[in-house]
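Okay, so here's the structure we're looking at.
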Amino acid sequence: MVAQNIFFGIISAIVVISAVRMVTTRNIVHAALYLVAVLAGLGALYVLLTAEFIATTQVLVYIGAVMVLFLFGIMLTKAPLGNVMEMTGKQWPIAIVVAALLGGVTIYSLLNRFGSDRLVTDGPIYRTADVSDEVFSTYIVPFEAVSVLLLAALIGAIVLARKD
Amino acid sequence: MWMLENAFLIPLIPAISFVVILFFGKRFIGADRVHVVGITALGLVWVLSAVAAFQWTQRVENPPPDAIVQVQHHGDDHGDDHGDDHGDDHGDDHAAASGHSGDGHGDGHGGGHSSPLIRPVISTFSDWWSNAGVTFAVGTFVDGQTVLLLMVVASISLLVHIYSTEYVKGDRRYVHYYAFLSLFTAAMLFFVMAQNIIQLIVGWELVGVCSFALIGHWWEEKPNTDAALKAFLTNRVGDVGLLVGMIVLWGTFKTFDIDVINTLISTNPGAHHFALLVAACCLMAAVASKSGQFPLHTWLPDAMAGPTPVSALIHAATMVVAGVYMIARLYPVFYEGFSIGTSSINLMAFIGGFTALIGAGLAFAQWDIKKVLAYSTVSQLGYMVMALGVGAWTAAIFHLFTHAFFKACLFLGAGSVSHAAHHTFDMRKMGGLRKDMPHTYRTFVISSLALAGIFPFAGFWSKDEILLGSLVGQENGYPLMLIFGCAVALMTAAYMTRVIWYTFHGEYRGHGHPHESPKVMTVPLWILAGMAVLAGAFNLPGPVLEPIGLEGLAHRIQTYAEPSVYLNGLGLSHPDPSLNMALVGLALALSGILITYLYYWRRLGLHGLTERNRYARRGYTILENKYYLDHLYNDVVVETVKRPLAKWANRFNQNVLDRTVNTAGETARDVGRWVYKWIDQGAIDGSVNAAARGADSSGEGLRSIQSGKVQNYGQLLFGAAAVLAIVFVIVV
Amino acid sequence: MEALLAFSRPALDWHALAPELTLLAFGTLITVVDIIWDDRSKRAMPTLAGIGLLASLLPILTLAVDGSERTMFGGAYVVDDFSLVLKALFLISGYVVILMSVDYIRDGDYYENEYYTLMLTSLLGMVMMSSSRDLISVFVALELLSIPAYMLAAWRKGGARSNEAGLKYYLMGVFASAVMLYGMSLVYGLAGSTAFEAIAQELGSGESNPVAILGILFILIGFAFKVSAVPFHTWAPDTYEGAPTPVTAFLAVASKTAGMVALIQLVFVAFPGRDDVVQPFFWLIAALTMTIGNLIALRQNNIVRLLAYSGVAQGGFMLVPFAVAADAPARAIEAVVIYMAIYAFMNLGAFTVVLAVARKTRSGEIDSYGGLFQYAPGLAVAMTIFLAALAGIPPAGGWFAKFGLFRALLDAGGGWAAGLGVVVAVNTVIAFAYYARILVQMWFQSVPDGDERPIAIPGSLKAALAVTIIATMAFGVLPGLVGHFGEVSVLSALGG
Amino acid sequence: MEVTGFDTWVLSLAVFLPLVGALVIMLIPKVYETELKLVALGSSLVALVVGIYIAIQFDYGAAGDLQFVVDKGWIDVINSRYIVGLDGLSLPLLLLSLVVVPLCLIYSWNHIPDPGNPKAFFVLLLILSTGMNGSFVAQDMILFFVFFEIVLLPMYFLIGVWGGEDRRYASLKFFLYTLFGSALMIISFLALFFLSKDASGELLQTFDMRVLTDAAGVGIIKSTQVWIFAGLFMGFGIKVPMFPFHTWLPDAHTQAPTVGSVILAAVLLKLGTYGFVRIAIPFLPEGAIAWAPWIGLLAVIGIIYGALGCLAQKDMKRLIAFSSVAHMGFVMLGIATLTDFGINAAVFGMIAHGLITGMLFFVAGSVKERYHTLEISRLGGLLKSAPRMGWILGFASMASLGLPGLAGFWGEFPAILSAYNPGAGLSEELFRVYMVIAAIGTVLAAGYLLWLYQRTAFGEPTEEFAGHEIADVNRDEWIAWTPFLIGIVLFGVWPNLIFNVTDDVVSGITASVEAIAAGN
Amino acid sequence: MLLNQFLILGAVLFSVGVYGVLARRNGVMVLMSIELMLNAVNINLVVFGVQHGVVSGQVFALFVIAVAAAEVGVGLAIVLLLYRNRTSIDVEDFDLMRG
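Here it is as structure tokens:
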């Protein structure tokens, strides 16, 4: 258990620091890379939580696909690589206050409700097949819907993004 | 008795005449011939009224069984002394209502005529309106008082119709003039035979409207319309009292029926005293406005802006006596409300007396002949009200009757004068007309003598009865009223002498050549003058007639007109005729004439002395001395007493009372403007508009939320989420 | 292997899914036709899409006739009367929007085929939404209806405003879904299940705890965004103004209705016991939304923007019954359903008129409506009917919608409900003030440039107008028509 | 009463015929102007004929009962039904409404105000007619509400399109005020729906006005009744309009085209007072008793205040409008007394005010048409320039100031009278004070009306118009006005024509109020 | 391990994401910050799934990932579109419509 805790501590530290850096760095490519770190860290945590398929998907979809998408986006918009453009708006204090309030109330609530509840570690472990069973039975309609959604997003994104 | 039961025909005829004249007059009859319709109608009315009057006398003389109130003789012990039995009779039964019939008052009733209690003839026609499941009928109520007024209205209206054919000949609105004369007559007749108090109100208001229309007959000139408005509005003020008073009566007795109300009071006097007092006070306000009583009399002189025949008919003989008539009609209300029987002064008597006094005083200060007559009317109306106030019911009605004739005659005479003297009413532009206008002059003098109360003219008899009534009263005399009455008697004679002096004597001071009016005008004058002589005969006291063996004709008005069916229940008594009182009254009137005569004669002499130097006789030393006394009298007494008093009274009248009326109007308008500007437009509407503007500007303010920047929107979204979360987590 | 064997194919009720499948089939068909024939197929596209929508109505009818309630996947997907009524409403609204779109899209510089694909996809999401009874289905349905809508808002590619509209809508939408998802995760964490029934059991019985409050609140906020409730409405005016007008109509009506549907399901099925959070939340939000929407609308000069704020305010009216969700559940659902149905037609009608007028004036300014009555009396009268309906003046339909609100409030009774009733009353008055501005222009003013040429209205727009006018008036004169649907939906929603 | 055959249709016919006319007109192209007008007039006249048929068939012996009742399903989901019926209270008002509209059409025949467009003008008038007729016969609260609201938009447009200078402001104000009132009113209707119980304590859950009248608020506690009544008070009081909700009225009247003013005065305002008598008082007797002193207070304030407002006016039409505030004050005072006398007088007052003020507005409209101004100081000598019109103005003014023998008196006098002995245990002292104030109001009424008359009709025409030829009353005007004039005289001379019809209904209402008052 | 370790991590990530979307001007950066928020949700879902011993948490997370991918695609398309028309991806520049 201690090992897991230490692992969690290290990973979460990385995740939080990367996240914070991501939203504060002035270099957009750095930001993308910090995001990769966050996503990867979360993938690791999913492993810790015995969610193997999610962990895999995290790596494949997020780091593999989404991040590439972002990088393309960054390139296509020719975003300044340096700090030529002010990356953070003037209203960042408001943003901090809002984020802090939101985080504060959430954390307060979580502490209030779950306090020092221990994570159930001896529960059933769901493997990829279990996940797929669930997806293809109970959640078959949303699953099909997501497929339609992706198709529609694809078509629409092409229309919007293409040069006329 | 057919006519009494179908009396509704009487007002119906002039009403139809009104419609015919107004809607068909110009087109089918010819604008200059509409008077034919009016006169025909009035002729019919007069005949029918006469029939009704005759039938009523028949009813009194030979009452059919159903006309007599069943008398419950609780014993014949009602003594001769009224004072005693009055106290006794207020027992649990209604003996008082019946006990005073017949010989119980042998002496008091002069001639010892026994008058059974004759019920009025009441006919109801239809369900006029209904409410709360009760229907209220419209109907006619005919008794002696009614037929008396019918005769007065019909006669004078007829004469005025005839007189007017010449007087307003060629007028721009001849048709309207006759239409409204007819309508007025109809309304007045309707009022006179009102069966219930609602009808009283209706008639009351309708005559007011006709008065308005006729005062404002020449509405192109603003003063005329001002006068018309003033008359109407002043009457409206009084009408508040009328409405409220009538409502109080209704609230007390739950009926509008005059007969029922009177009977209820007379059979149970003493009950509802307070309610009756309130009602009587309210109704007095109405009387004050309609009958020109202080302090609401100021419209009446102004009302002289109307054509003179109208003044004669409406503002002298008929409409203005509506208030008196109403008091007489609802006499039990006033009698009980003001405790006339037991007091020695009351509101009605005082108002009447005071009005009589100030009216007479004011008549001195006028130069306009019609205004003199108007103030005289005020004064005489005050006399009548005073008479009613002291319990002299018959005297008041009698005076109403006589006054109608001689005052109408005076007005028509004034009209005749003006007709001759280039349409002026300013006495300063008249003078010496007696030579040019002998008929007018004679009739005017006769009527003036009647008004002044000179034996044996009509006014003498009626005035005498009033003074007597004040002297004797019911339980107590009304000494103050007597003083007022005597003073007025003197003043009346004086100011009428002055009028005659200025108008008919001396030199003509106007333009052109005055001429006598045509016959169509003088004949009515003579008829009226005749009545001014003879009208007094209708209620002669017994002692006068006894020597000639006609005592059976004594007190005809009292016999026929007095609604003893109600009044006896109240214990109303009649004073015995008094020769002394008559002599005092006559003396006062004569001295009034004499003083004035001397006053103006002296002025004439002064004038004459310078002008007629040549044939003036010598040896005027004594007269000089007399002059000196006169001068002293005039300068000291008259100038210091009469003139200042009159001036002061006039000033008070013009500046305080009249201005109050005028300023009341102005003030209402000012208040209206203020309220409209500040309260309505400012506060109420303003707040509504301010709310609208507030909504508008807050909309503008809220637009700033919508900055167009998506991150501000995001801040709002997340911020609101956070705040809501915090609030709910804390609160819930 | 074990897992594979353990898998049992879920029992699919094809009849129940037929509307969705039909819609899906036509969506796919459009895509396929587009791929094969490309530009040549353009003319057929609206027709195809329209037929698709009407065809999807058929199974809804058969299901309605069948009448039985069909539950699948352990209650995750339910086809009952409530869902059928709303599915029909979505499809009909969609049909009207397509009628509105035909000429607009054809005449403008738009990608046509994809437009209809996305429209159908979005509608599919809505149709799905009305049957969804678990968090995942609701979430997916929401995204399915939203994401195509984001793109449709930006569909006028060359227009900066349209692009901007798309961006704002997209970003705000994603923010809101993030918040909502976070809330869902919390609710899921408490309930341990995504099914509404399970959530209702867990949350409804448990005592109040901050996480539950937070979860419920965040979920509601997510949908409050969708129905553009203040203060989550900020996207709406900008997006409405920038987006192509038919899309605006679609967003203002269908999309908002979908949000409402989700709210109904959440409030009445998932959180029925949590009126301590739900009622005050909606009281506040409804009052704010009505008032602020109306107040800002007073100051608008662009008609679409005015209608946007009007739509915000109307959304506020629709939220009113939620404030008495627990006190008078049946009336509340009925009120919302009735309101949505009537709102759909009156608002679509108003947008149709805007479209028609813009064909001539090429302007969205209210001033450009000056003297409309003189040169296009029909349109002016139509607009008057719609505005009267929106303002709630009989006999146009809207009065019955407002009536439903009052009915729900008074059925619940009590000071808070009555207070909200007064707020509604006041807002009704404010609302008319700005609707009147349009009326004033149309009726009382003269034509700005004296150009009194009549407006040529294409057939499809006429059809859209006819449908909306007839429906608006019919609902006003015979409110029983729409009232019936409200009533049937109540029974099933509460029963289910 | 068993309603059979044609009689089941007549009320609906009377209500909807004008609407049918309106729809037909909409289909006729604008250019066929005469045809349009004929259809409009024809439909309203046929409706009037139906109305006369109703009046003939009406069983006056049972005026207290609803007759020609039709009860059909309408909105089942809310248990609201299409119930129309007619009793002695509705009949005169329905007839008034049926008479006024064709007369207004005739009056407008050749005087469509700027900017013209008779088609739209007539359509709106006919729709208005349907709303008004319907309101008076509806016996279901929701149906009543719908009809009540239907009149709003047509009137809004009549004022807004064909009105005077400031028409936008006036029309919007009219609309917003009324809308606010009706929103609160519908809340109260719903509260009645949910809270009313029958004698056995069962919830009624009905909008049926017959049932609710019978229930007479049983089972609704007093404090609740007071609140519900407050909502109704706002709804109806604004329409009446009562002080201080009256400020829309002068603006609306001043700006409205002539027939708009006429209809507004003659019929629309009556919807409010009718609502009090038909709905507010019988349904909520305890609320009514609690509110009556306040209504009475506002009524007498309205009487004085309206009169003062009149005295301040410089515009003839605005003056007449303010006089409505005062006159409706008398009506409301009558209602506030909760007595037979008062309420009967109020109903009478509604009719009388409708005829008289309608007539005054007609004259004002014609004056405006001839002089192009209504500024009192610029007018004058109307009697000289157009004597007949001057006469009519004088006549109507006299009627308006409550001259006995004309209709106005019978609305005023019994109302004042009823305040002497208010019903239902109301404070006599208070109402007697009201009585006196109201009586004083009659003086002011005479003041402003005569002042108006003096300034406009008497005297010589002002220099401005001295040389102008001013046309006297023309044919259309005679046709349109004569029924008003006849009505004013007829009802004034024989008031039982109305009292007799309304009395039974009113007795029923007050009896139930008295019963409630006695039970307390 | 405490349940709250993960939950609070999620909450922090979410807040950081909120800060990111509110403070960053670059459109792409805003999109990336959104991913932070969605991942915070995923942590919650997965950890709650474990806590309750059910698989639906993972399934939910899976759907979130899929939808997030679609969102990113669409979002980037819109940002590109804007960039093409306005040559800017600064979200503060986009305020043509306001009020």
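Chains as they are written, first to last, in the working numbering: chain A, 1 to 164; chain B, 165 to 896; chain C, 897 to 1392; chain D, 1393 to 1912; chain E, 1913 to 2011. Backbone N, C-alpha and C define an ideal beta-carbon position, used for all residues, glycine too.
Check, Outcome
"Give the DSSP-derived three-state secondary structure of residue 264(B) in the structure shown.", "Here residue 264(B) scores only 37 on pLDDT, less than 50, and its place in the model should not be relied on; the value that follows carries that caveat. The answer is coil: DSSP assigns residue 264(B) none of H, G, I, E or B."
"Is the CB of residue 1953(E) under 9 Å away from at least one CB in chain A?", "no"
"Can you find the residues in the same chain that come closer than 7 Å, C-beta to C-beta, to residue 423(B), ignoring five residues on each side of it along the sequence?", "284, 286 and 305"
"For residue 1195(C), name the three-state secondary structure that DSSP assigns.", "coil"
"Under a CB-based cut-off of 9 Å, is residue 1695(D) close to chain B?", "no"
"In chain C, which residues lie with their C-beta within 9 Å of the C-beta of residue 857(B)?", "Here the premise fails: no neighbours, minimum Cβ distance about 10 Å."
"Is the number of C-beta pairs between the stretch 1492 to 1508 of chain D and the stretch 1402 to 1409 of chain D that are closer than 8 Å three or more?", "no"
"Between the stretch 1104 to 1127 of chain C and chain E, which residues of the former have CB atoms less than 8 Å from a CB of the latter, in chain order?", "none"
"Rounding to the nearest angstrom, what Cα-Cα distance links residue 1248(C) and residue 1372(C) in this structure?", "19 Å"
"Between 138(A), 110(A), 145(A) and 59(A), which lies nearest to residue 1017(C) when the distance is taken from Cα to Cα?", "145(A)"
"For residue 1054(C) and residue 1990(E), which I take to be in contact (beta-carbon distance under 8 Å), what is that distance rounded to the nearest angstrom?", "Rounded, the Cβ-Cβ distance is 14 Å, inconsistent with contact."
"Just to make sure I have the definition right: I need the residues of chain C whose C-beta is within less than 7 Å of the C-beta of residue 1541(D). Which are they?", "1289, 1290 and 1295"
"Assess contact between the stretch 186 to 201 of chain B and the stretch 328 to 343 of chain B, defined as three or more Cβ pairs (one per stretch) separated by less than 8 Å. Is contact present?", "yes"
"Please confirm whether residue 1521(D) and residue 1410(D) have their CB atoms less than 9 Å apart.", "yes"
"Three or more C-beta pairs under 8 Å: does that hold for the stretch 1958 to 1971 of chain E against the stretch 1085 to 1096 of chain C?", "yes"
"Taking a Cβ distance cut-off of 8 Å, strictly less, list which residues of the stretch 1977 to 2003 of chain E are near chain C, in chain order.", "1979, 1982, 1983, 1986, 1987, 1989, 1990, 1991, 1993, 1994, 1997, 1998 and 2003"
"Taking a cut of 7 Å between CB atoms, which residues from the stretch 870 to 883 of chain B lie near chain A?", "875, 879, 882 and 883"
"Considering only DSSP beta bridges, list what residue 293(B) is partnered with.", "300(B)"
"Would the C-beta of residue 1383(C) count as close to the ligand FMN, meaning under 8 Å from any of its heavy atoms?", "You won't find the ligand FMN in this model; it holds no ligand whatsoever."
"Would a check of beta-carbon distances place residue 1862(E) closer than 9 Å to chain A?", "Any question about residue 1862(E) goes unanswered here, given that chain E covers just 1913 to 2011."
"Could you name the residues of the same chain whose beta carbon sits closer than 6 Å to that of residue 508(B), not counting the 5 residues immediately before and after it, in chain order?", "640 and 642"
"Would you please state the rounded distance, in angstroms, between the beta carbons of residue 1173(C) and residue 1234(C)? I believe it to be under 8 Å.", "About 25 Å separates the two Cβ atoms, so there is no contact after all."
"Work out the CA separation of residue 475(B) and residue 579(B) for me, nearest whole Å.", "9 Å"
"Examine chain E for any beta-carbon lying closer than 9 Å to the beta-carbon of residue 1047(C), and answer yes or no.", "yes"
"What does the alpha-carbon distance come out to for the pair residue 253(B) and residue 445(B)?", "Note on residue 253(B): pLDDT 36, under 50, position unreliable in the model; the coordinate value appears next. Straight-line Cα distance between these residues: approximately 27 Å."
"Would you say residue 174(A) lies against chain E (beta-carbon separation less than 9 Å)?", "The question about residue 174(A) has no answer here: the residues shown for chain A are numbered 1 through 164."
"Closer than 9 Å, CB to CB, is residue 1307(C) near chain D or not?", "yes"
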